[in-house]
Amino acid sequence: MAKPAILTASHVLDLSQPLALDGGQSLPRVRIAYETYGTLNADKSNAIIIFHALTGDQCVASPHPITGKPGWWIRMVGPGLPIDTGRYFVICANVLGGCYGSTGPASLADDRQPYAMRFPVITIRDMVRAQVAVLDALGIEQLHAVVGGSMGGMQALSFAANWPSRARAVLVIASTARHSAQNIAFHEVGRQAIMADPKWKGGDYYGGKGPDNGLAVARMAAHITYLSEEGMHEKFGRKLQDRTEKTFGFDADFQVESYLRHQGLSFTDRFDANSYLYITRAMDYFDLAEEHGGRLAEAFKGVTAKFCLVSFDTDWLYPTTESRTIAHALNAAGAPVSFVELSAPFGHDSFLLDVPALDRVIAGFLGC
Amino acid sequence: MLGGLTRPCSYGLRPDLEIIAWEVKSNSRVLDVGCGDGALMQVLKEDRSCDARGLELDPHNVALCVGKGLSVMQGDADADLADYPDASFDYAILSQTLQTTKRPDQVLDELLRVGRKAFVSFPNFAHWKVRASLLWNGRMPVTRLLPIAWYETPNIHHVTVRDFRALVAEKNLRVEGEWFLSGDKHIGPAAAAWRAEHAVFLLSR
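These protein sequence lines are chains A and B, in that order.
Taking the working numbering, I'd label the letters of the first sequence as residues 7 to 374.
Taking the working numbering, I'd label the letters of the second sequence as residues 587 to 791.
Structure follows, in structure tokens:
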């Protein structure tokens, strides 16, 4: 049976005003690229914005512009799916600092040269600010919901705290209200790998070969944090790759090595190294309590939206305690909040994979 | 207190929850500890205009509640009540959960810390069928209300109506209401100690 077609459209928005950034600078000529799915209803009340994760993009349910692979959340977004495009108008925008059409370090500065490292350091709130501009342009005063996993969840939290009247529901999956020392540490390994690559050239590699080796290593290190120990063991164990014996050399003897190398290498085809630096920095800087006098409950004071927080028992990147902390702060602020820890074997990546319980929670939370 | 004639209809809830649903004042803030699939919360929210929140251990039940538009936190009565501020609710409800907690006495304290009043319902372990089973067979009873064998039951702290009254007295708590059930029939307090399958208490400090 043919699946009903998904109504999708690609757009760009050029902001008419410079974007004021948390770092104090203001960024001129900001462009935000975004996709929409479904139809906005007459009173503009059925819109949902999905915030994407670190290496995600706006093609949440349409083919990836470079790899041609299916959208990164097609299991969740589409006609009749938990985020039902037959019912909701779904918006997903490439984040500020990204490399899929929104303004980022590869964009041209006033001198017609790429910004590279002249691009200002941005924050999660800056990313959200740029996406609020998209809502303004579309004339959407209040969203049915904001939804995000991982870094997308940080944006959803930032949105709820800073634009409290503009969403009726906030769904945060496998995320955190602040980056921990361990989170920052892993990101720093990745950034140092990029910067140690001679091809990085202080960020001025555009027009030539980029720091692919460094970026691949960054992706390898990060990818480990997205999986669970148990999941890795089950998938790879100590199995050897296309060979029956160890080679007593440094080839990818083990399947897990081969897998990580492939993940690293294929990532360089679709991601800009400087974008990786800027976006990971924004995540490291994220601390929602700090923005609100050190008390997380203060961040949610006066918020009227209902919240749902979901964590996964095998996620050690943003473990359950992080979601619980957010839920307690919301409770203390008097906001209606639900929290559930789901069991899934895939670690942090569980939010993108086959976890039927997550489908039920999302459909239920958005549907009522 | 429970005049069936004044009630136009039933909410179709489990008998102990039915009592609680009728007794909770409209527009209250309520915490249902061990809220299960959220049946009571739904009635309190929709028919009594309460701000109802839940705490539930089973993630499947939490998902069910979220799907009904209810606000439920995954957690357990022993550990997670501590996260709620003092007097943040008009009522804290603990239905058929007390006997499954590690420290029922401490949970009772917590209920009356986060709630100004607390509803507590529990199966009465001194019901005559339980007494008979122990007396005649010398075996831990497996009954309609306690259907699981001793080695796998979640009910790790069996309690009787008299035990509960003693604990309430020891803690100097005030009993604001008490209801006793045999099946879905109400029975008077005089014979409750041996005839009640279920007890519901409304407590305050």
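Quick reminder that beta carbons are idealized off the backbone N, C-alpha and C, glycines included.
query                                                                                                                                                                           : result
Residues of chain A with CB under 8 Å from GLY769 (chain B), in chain order?                                                                                                    : Near GLY769 (chain B) there are no residues of chain A at all, since even the closest Cβ is about 33 Å away, more than 8 Å.
With a threshold of 6 Å on Cβ separation, who are the neighbours of THR182 (chain A) within its own chain once the five nearest residues in sequence on each side are excluded? : TYR324, GLU328
Below 9 Å on C-beta distance, what does ALA363 (chain A) contact in chain B?                                                                                                    : PRO645, HIS646, ALA649
May I ask you to list the residues that DSSP assigns as paired with VAL745 (chain B)?                                                                                           : Partner(s): none; VAL745 (chain B) has no beta bridge.
Among A:ARG366, A:PHE306, A:ALA350, which residue has its Cα nearest to the Cα of GLY340 (chain A)?                                                                             : A:PHE306
On the DSSP letters alone, give me the boundaries of the alpha helix (DSSP H) that PRO111 (chain A) sits inside.                                                                : Unbroken run through PRO111 (chain A): none, as it is neither H nor E.
Report yes or no: is there a C-beta of chain B within less than 7 Å of the C-beta of GLU304 (chain A)?                                                                          : no
When you compare the CB of GLY598 (chain B) with every CB in chain A, is at least one pair closer than 7 Å?                                                                     : no
Could you name the residues of chain B that ARG366 (chain A) contacts, counting a contact when the two beta carbons are closer than 7 Å?                                        : ALA649, GLY653
Could you tell me which chain B residues have their CB closer than 9 Å to the CB of CYS314 (chain A), listed as they occur along the chain?                                     : VAL652, SER657
Counting contacts by CB-CB distance shorter than 7 Å, is GLY300 (chain A) in contact with chain B?                                                                              : no
What residues match up with HIS17 (chain A) in a beta bridge as DSSP calls it?                                                                                                  : A:TYR40
Give a yes or no on whether the C-beta atoms belonging to LEU721 (chain B) and PHE675 (chain B) are separated by under 7 Å.                                                     : no
Name the DSSP bridge partner or partners of ASP618 (chain B)?                                                                                                                   : B:GLY640, B:ILE679
ALA151 (chain A) versus chain B: which residues are under 9 Å apart at the beta carbon?                                                                                         : Near ALA151 (chain A) there are no residues of chain B at all, since even the closest Cβ is about 13 Å away, more than 9 Å.
When DSSP labels each residue in this structure, what does ALA48 (chain A) get in the three-state scheme?                                                                       : coil
Decide if SER171 (chain A) is buried, meaning its Cβ has at least 16 other Cβ atoms within 10 Å, or exposed.                                                                    : exposed
For SER344 (chain A), which three-state DSSP category applies?                                                                                                                  : strand
Helix or strand or just coil, what does DSSP make of CYS651 (chain B)?                                                                                                          : helix
With a cut-off of 7 Å, does the C-beta of ASP672 (chain B) fall near any C-beta of chain A?                                                                                     : no
On the premise that GLY77 (chain A) lies in contact with PRO71 (chain A), defined as a C-beta separation below 8 Å, what is that separation, rounded to the nearest angstrom?   : Not really, about 11 Å apart at Cβ, beyond 8 Å.
Which residue's Cα is closest to the Cα of ASP49 (chain A): A:LEU246, A:LEU144, A:THR331?                                                                                       : A:LEU144
In this structure, does DSSP put LEU788 (chain B) in helix, strand or coil?                                                                                                     : strand
Could you have a look at ALA363 (chain A) and say whether DSSP puts it in helix, strand or coil?                                                                                : helix
State the DSSP-derived secondary structure class of GLY589 (chain B), mapped to helix, strand or coil.                                                                          : Low local confidence applies: a pLDDT of 45 at GLY589 (chain B) is under 50, so the model's placement there is unreliable, with the coordinate-based value given in what follows. Three-state DSSP puts GLY589 (chain B) in coil, outside helix and strand.
Smallest Cα separation from SER707 (chain B): which of B:LYS715, B:TRP714, B:VAL716, B:LEU697?                                                                                  : B:LEU697
Give the DSSP-derived three-state secondary structure of LEU246 (chain A) in the structure shown.                                                                               : strand
Just mark THR91 (chain A) as buried or exposed, buried being the case when its beta carbon has 16 or more other beta carbons within 10 Å.                                       : buried
By the three-class DSSP mapping on this structure, what secondary structure does GLU783 (chain B) have?                                                                         : coil
DSSP three-state label for MET7 (chain A), please.                                                                                                                              : Any reading at MET7 (chain A) must be qualified, since the residue scores a pLDDT of 41, below 50, and its modelled position is unreliable; the value itself is stated next. Correct three-state label for MET7 (chain A): coil.
Given a cut-off of 7 Å, decide if PHE766 (chain B) and ALA752 (chain B) are closer than it, judged by their beta-carbon atoms.                                                  : no
Please confirm whether MET587 (chain B) has its beta-carbon closer than 7 Å to some beta-carbon of chain A.                                                                     : For MET587 (chain B), the predicted model reports a pLDDT of 45, less than 50, meaning its position is unreliable; a value from the coordinates is still stated below. Not an interface residue.
State yes or no: is the beta carbon of GLN660 (chain B) nearer than 7 Å to at least one beta carbon in chain A?                                                                 : yes
Which chain E residues sit within Cβ distance under 8 Å of HIS334 (chain A)?                                                                                                    : Absent here is chain E; the protein component of the structure consists of chains A and B.
Which first and last residues belong to the alpha helix (DSSP H) in which VAL195 (chain A) is found?                                                                            : 187 to 202
Return helix, strand or coil for ASP259 (chain A), following the three-state DSSP convention.                                                                                   : coil
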